[in-house]
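Report on the following structure.
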Amino acid sequence: MVQARDGRVLSANAAAERMLGMSEAELRAESQGISDWRFVDEHGQPLTPTTLPPNRALSERRD
Numbered sequence: 006m007v008q009a010r011d012g013r014v015l016s017a018n019a020a021a022e023r024m025l026g027m028s029e030a031e032l033r034a035e036s037q038g039i040s041d042w043r044f045v046d047e048h049g050q051p052l053t054p055t056t057l058p059p060n061r062a063l064s065e066r067r068d
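Per our numbering: the sequence shown = residues 6 to 68.
Below is the structure:
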């Protein structure tokens, strides 16, 4: 999934669609509500906005 800096979903691949149970079109339409989503790591621990991988990459200037 590719997101804009403001959190909007710009595109999603088939794997993202399967994992989230939504089509790319649904993800793009839903992206205004994506801030309500709750993300967890592989251990079920909550991820804060600053610990989400895309945000970490942006803050650490990683590609």
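All C-beta atoms, glycine included, are put in the ideal place defined by N, C-alpha and C. Every value quoted in this text rests on a predicted model; they were computed, and no experiment measured them.
Cutoff 8 angstroms: residue i Cβ touching any chain C Cβ
i, result
"residue 26", "Note that chain C does not occur in the displayed structure, where there is just one protein chain."
Identity of the residue in the options nearest residue i by Cα
i, options, result
"residue 14", "33, 21 and 20", "33"
"residue 35", "47, 58 and 16", "16"
"residue 6", "63, 53 and 59", "59"
Neighbourhood of residue i by C-beta, 6 angstroms cutoff - its chain only, sequence neighbours within 5 removed
i, result
"residue 19", "none"
Same chain, Cβ closer than 8 angstroms to residue i, five either side skipped, listed in chain order
i, result
"residue 55", "61 and 64"
Sequence-distant residues of its chain with Cβ nearer than 7 angstroms to residue i (five each side left out)
i, result
"residue 28", "22"
"residue 8", "14, 15 and 59"
Beta-carbon spacing of residue i, residue j below 8 angstroms
i, j, result
"residue 44", "residue 25", "no"
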